[in-house]
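Just so you know, we're using the UniProt record's numbering here: the sequence shown kicks off at 1 and counts up by one. Report on one structure; see the data block that follows.
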Amino acid sequence: MEDKRNIQIIEWEDLDKKKFYVFGVCMTMMIRISVYPFTLIRTRLQVQLGKSLYNGTFDAFVKILRAEGAAGLYRGFLVNTFTLISGQCYVTTYELTRKYVSQYSSSNTIKSLVAGGSASLVAQSITVPIDVVSQHLMMQRMDNSMGRFRVQAHQGSRFPVFGQTRDIIAQIFKADGLRGFYRGYVASLLTYIPNSAAWWPFYHFYAALQHEPQGLPPPAPPSHLRPHGGCHRFHPHQPHGRHPGACAGGGQELHHPDLQAADG
């Protein structure tokens with residue numbers, strides 16, 4: 001009987017990158033659509049004063065749906081989808097960094113630690129500015145704003161969402177400059193770089209333990225990039241601050257600990 005734990009590893013050089021990026025983005029987009037309303041509700045619950053607006057998750061869901069319609073549950077969604085880029089950059093950075101470090105060290109621990117930390121650094125550098133803008137958009141209600149900024153009415157505009165996004169970006173830049181787009185950046189790095197850097201070495205350690213009792217050779221360096229279908233699988237965890245589905249695109253959403261949209 002085949003040992004199910006003996007998973008075949010698909011290395012970066014052997015991966016069909018076109019399929020990986022296309023399927024990965026599509027898969028993550030489907031997950032993002034299903035969980036985004038709850039991310040918006042969580043954000044509003046965290047920044048409101050006491051229970052001034054909502055009494056809980058279900059109450060917030062009903063009130064937002066009644067007052068703002070289904071579109072109200074997806075405020076900032078289009079902007080937030082750009083974080084899919086960070087997931088792909090995480091994967092690419094991780095694999096290329098492992099390949100580069102392997103020229104100087106054969107230790108899986110060192111390669112995984114450096115690659116994991118570097119991948120999170122790149123991913124968060126892309127994610128934070130997008131999340132700042134997205135979270136400010138989440139704070140916009142029909143009658144007023146729960147955050148620092150308020151978008152202008154764009155009635156009659158063919159694409160009002162783009163006008164609102166432009167308003168928020170302009171107001172952030174006017175108030176705080178470029179630094180305003182990186183509020184919470186250091187906190188995010190301190191959260192996700194150690195997490196990612198520690199997770200991958202532990203993966204190697206655990207994978208080696210799984211093979212030793214059967215007398216199997218240690219597994220090849222993991223790519224966490226597996227083709228869909230067949231007996232191959234994606235790794236179920238993505239340690240760069242996104243939803244597990246975000247290995248193909250920071251997945252859920254990342255919510256920065258200082259709630260950029262509510263500061264001030």
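Where is the CB? At the ideal position from N, CA and C, for every residue including glycine. Only a predicted model underlies this, so the values are computations on that prediction, with no experimental measurement involved.
With fewer than 16 other beta carbons inside 10 angstroms of its own, residue 16 counts as exposed. For residue 164, the closest alpha carbon among the candidates 177, 176, 149, 174 is that of 149. Rounded to the nearest whole angstrom, the C-alpha separation of residue 12 and residue 75 is 36 Å. The C-alpha of residue 138 is placed about 13 Å away from the C-alpha of residue 70. At a Cβ-Cβ threshold of 8 Å, residue 31 and residue 80 do not count as neighbours. Taking all protein chains in view, the Cβ of residue 83 is crowded by 16 or more other Cβ atoms within 10 Å, so the residue is classified as buried. Taken atom to atom, the span from the alpha-carbon of residue 95 to that of residue 115 is near 7 Å. Distance from residue 124 to residue 24 at the Cβ level is roughly 19 Å; contact not present, criterion being Cβ atoms closer than 8 Å. For residue 95, the enclosing alpha helix (DSSP H) has its first and last residue at 84-101. Distances from the CA of residue 35 to each of 176, 48, 73 were compared; the closest alpha carbon is that of 73. By the 16-neighbour rule on beta-carbons within 10 angstroms, residue 190 is exposed. The segment 176-193 makes no contact with the segment 103-110, as fewer than three CB pairs between them are under 8 Å. Across the structure, residue 174 and residue 180 are spaced so that their CA atoms are roughly 9 Å apart. The beta carbon of residue 85 is closer than 7 Å to those of 126 in its chain, skipping five residues each way along the sequence.
Under the three-state reduction of DSSP output, residue 25 falls in the helix class. Out of 146, 56, 33, 187, the CA that lies nearest to the CA of residue 120 is found in 187. Taking 8 Å as the cut-off, the Cβ atoms of residue 122 and residue 100 do not count as close. Relative to the Cα of residue 98, the nearest Cα in the group 207, 200, 45 belongs to 200.
By the CB criterion at 8 Å, residue 57 and residue 41 fall inside the cutoff.
Per DSSP, reduced to three states, the secondary structure at residue 75 is coil, with no helix or strand assignment.
DSSP places residue 151 in the coil class of the three-state scheme, outside both helix and strand.
Beyond the five residues adjoining it in sequence on each side, residue 21 comes within less than 7 Å, by CB distance, of 88 in the same chain, given in chain order.
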